[in-house]
Each structure stands twice: as structure tokens, then as C-alpha cells.
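In our numbering, the protein residues as written are 9 to 147. Read through the structure below, which is laid out as C-alpha cells, and then see the notes.
Have a look at this one:
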């Protein structure tokens, strides 16, 4: 607002404050870029991942692909250490405190859980991130 207006302070006898609109100073307004998901032509759950993770959209998409290449919502994998990975982002049982395994088989719930884990720990809980296997899925 202050970029386009000025304030003029006057004595109390007149109107004490007058607002004037500034004259444009040759500033070229650039058209905003479409969102990344739109630029990439994403739809469905991939669009939802991108919207949720914002600036980390491409990394989140790559991790989700490395963990679950076909984005199968109810995919369950048993690990050698006895834990289980479930759903879109292959959420490990160590993160099941808030969500049941059944709930994590829903793509949107799994995405919500992944977002909460990311907010708390970044991408570090995902093996695909730690071992770099997600990089081949970066677009």
C-alpha cells in the first residue's frame, strides 16, 4: 500500500492527514508464474502432494515415487526389522501413534501423516531420502 500512496501531515486547522496516490514510476509488473504442479501438469494425488509440500514439492514427489512408485494407497511392506511401511509415503509403524494402519491406507490421510512427519523431522525419516534413491525421480 505504501508503495502506491504517500501521507501528507498538516496542521490541525486543516484536515490533519491527507492520503495521495503515488504516480507509477515505470515499475514493470511481472505476471506471476503458475504453480509448480500446474507447470508440471500434475493431477490427482500428485497435485495434492505438490500443493501440501509447496517449495519442497519436487522432493516430496520424488520420495513418494521412490517409496511407492505407482502411488498405491494401500501398499503394505514388511521390513526385516519387524516394522511395517504403509501407503502412499510408506509411513513406518514407528509413526503410527496418531494414525492406525487402516487410516494410513487412505492416500489423503497418508499424505497428512507424511506432512506432519516432515514438519517435525524434515525428509530424514524416509530411507529413499537418506540413501539418495529419490534423486532418480526428480523432475
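Every residue, glycine too, gets a C-beta built ideally from N, C-alpha and C. Note that the coordinates shown come from a computational prediction; the quantities given were computed from them, not determined experimentally.
Quick check on residue 51: does DSSP put it in helix, strand or coil? Coil.
Using the rule of at least 16 other Cβ atoms within 10 Å of the residue's Cβ for burial, across every protein chain shown, is residue 73 buried or exposed? So residue 73 counts as buried.
Can you tell me whether residue 117 is buried or exposed? The criterion is at least 16 other CB atoms within 10 Å of its CB, across all chains shown. The Cβ neighbour count for residue 117, taken over all protein chains shown within 10 Å, is at least 16; the residue is labelled buried.
Who pairs with residue 91 in a beta bridge, going by DSSP? Residue pairing from DSSP leaves residue 91 without any beta-bridge partner.
Between which two residues does the beta strand (DSSP E) harbouring residue 86 extend? Unbroken beta strand (DSSP E) run through residue 86: 84-86.
Span separating the alpha-carbon of residue 69 from that of residue 86: Looking at the two C-alpha atoms, the distance is approximately 22 Å.
By Cβ distance, which residues of its chain are closer than 6 Å to residue 134, with the 5 residues on each side in sequence left out? Closer than 6 Å at the Cβ level, and outside the excluded window around residue 134, lie 71.
Going by C-alpha to C-alpha distance, which of 76, 96, 40, 47 sits closest to residue 121? Nearest C-alpha to residue 121: 96.
Secondary structure of residue 77, DSSP reduced to three states: Note: residue 77 maps to coil in three-state DSSP.
Alpha carbon to alpha carbon, what distance is there between residue 65 and residue 131? Rounded to the nearest angstrom, the two C-alpha atoms are 12 Å apart.
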